[in-house]
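Chains as they are written, first to last, in my numbering: chain A, 1299 to 1413; chain B, 30 to 143. Accompanying notes for the structure given below.
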Amino acid sequence: AQSVTQLGSHVSVSEGALVLLRCNYSSSVPPYLFWYVQYPNQGLQLLLKYTSAATLVKGINDFEAEFKKSKTSFHLTKPSAHMSDAAEYFCAVGGAGGGADGLTFGKGTHLIIQP
Amino acid sequence: DSGVTQTPKHLITATGQRVTLRCSPRSGDLSVYWYQQSLDQGLQFLIQYYNGEERAKGNILERFSAQQFPDLHSELNLSSLELGDSALYFCASSVGPGAGNTIYFGEGSWLTVV
């Protein structure tokens, strides 16, 4: 079975500061890993995904994430936070195919940007 | 805009009733997924269809059912509704099966059961 743990239900950073959202996963097969963002009253938008091509994945809006197999982590970072980054962020894991192709999501991290 | 269209956007209904949520996937996508988002359970995978056939089931209640039609749109039927079914229901789609495919989400259907 797969699972995702997001550390910190709320993260607060100052505008211009580094954003770090933590995600650890558990998977019995080589994982596909995703970060999605949900703005208020909107659907989920894909930020980036890891599919084993490269351990450092770059996404939209200057977000990136690094896959660390030894630590089973896939933390999301952004060098400089903007007010528009305030949203809910979800880490998700998908299997290697067969059975359920749906994603298993973490409980989400609410990112707060302080002016 | 993800290209996934869901209707209705908001729905209020009474306990015991039945509702149908509709989803049109992105053009060219053959796989459709349904998810439920609630405050206590978070985002839960319900069911997946691929090219008209059920491919995978997640935490879907027996009171819920879904189908994917030949034109690839999908419907999620929720019956004997309970207060606890109040949630945001997402439809999502991807080109093919397999978890490596990017899954695109619609904006969701808000269901309130009173």
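No residue lacks a Cβ here, since even glycine has one placed at the ideal position from N, Cα and C. Note that the structure is a prediction, hence the values are computed from the model and not measured.
Locate the beta strand (DSSP E) running through residue 1372 (chain A), then write down its first and last residues.
1371-1376 is the span of the beta strand (DSSP E), which, as asked, contains residue 1372 (chain A).
Per DSSP, cross-strand counterpart(s) of residue 137 (chain B):
As computed with DSSP, residue 137 (chain B) is found in no beta bridge at all.
How is the beta strand (DSSP E) around residue 119 (chain B) delimited, first residue to last?
Under the DSSP assignment, residue 119 (chain B) falls in the beta strand (DSSP E) whose first and last residues are 116-123.
When B:94, B:77, B:140, B:119 are compared against residue 59 (chain B), the one with the closest alpha-carbon:
Cα-wise, what sits closest to residue 59 (chain B) is B:77.
With a cut-off of 8 angstroms, do at least 3 Cβ pairs link the region 98-110 of chain B to the region 45-57 of chain B?
The region 98-110 of chain B is in contact with the region 45-57 of chain B.
Give the residues of chain A in contact with residue 136 (chain B), contact being defined as C-beta atoms less than 9 angstroms apart.
Going along chain A in sequence order, the residues near residue 136 (chain B) (Cβ under 9 angstroms) are 1339, 1340, 1341.
In chain order, what residues of the same chain have a beta carbon less than 8 angstroms from the beta carbon of residue 1401 (chain A), not counting five sequence neighbours either side?
By the criterion of a C-beta distance shorter than 8 angstroms, residue 1401 (chain A) is surrounded in its chain by 1332, 1390, 1391, 1392, once the five residues flanking it on both sides are discounted.
Could you check the C-alpha separation between residue 68 (chain B) and residue 117 (chain B) for me, to the nearest Å?
Their Cα atoms are separated by approximately 10 angstroms.
Local conformation of residue 72 (chain B) per DSSP, three classes:
The answer is strand: DSSP assigns residue 72 (chain B) an E or B state.
Look at residue 1340 (chain A) and residue 1324 (chain A) and say whether their C-beta atoms are less than 8 angstroms apart.
Using a Cβ distance threshold of 8 angstroms, residue 1340 (chain A) and residue 1324 (chain A) do not count as a contacting pair.
Please check the pair residue 1372 (chain A) and residue 1334 (chain A), which I expect to be a contact at CB under 8 angstroms, by giving their CB distance rounded to whole angstroms.
Taking 8 angstroms as the upper bound for CB-CB distance, residue 1372 (chain A) and residue 1334 (chain A) are not in contact here, some 12 angstroms apart.
Reduced DSSP category for residue 80 (chain B) - H, G, I as helix; E, B as strand; rest coil
DSSP places residue 80 (chain B) in coil when its eight states are reduced to three.
Per DSSP, which one or two residues make a beta bridge with residue 62 (chain B)?
B:77, B:121, per the DSSP bridge assignment.
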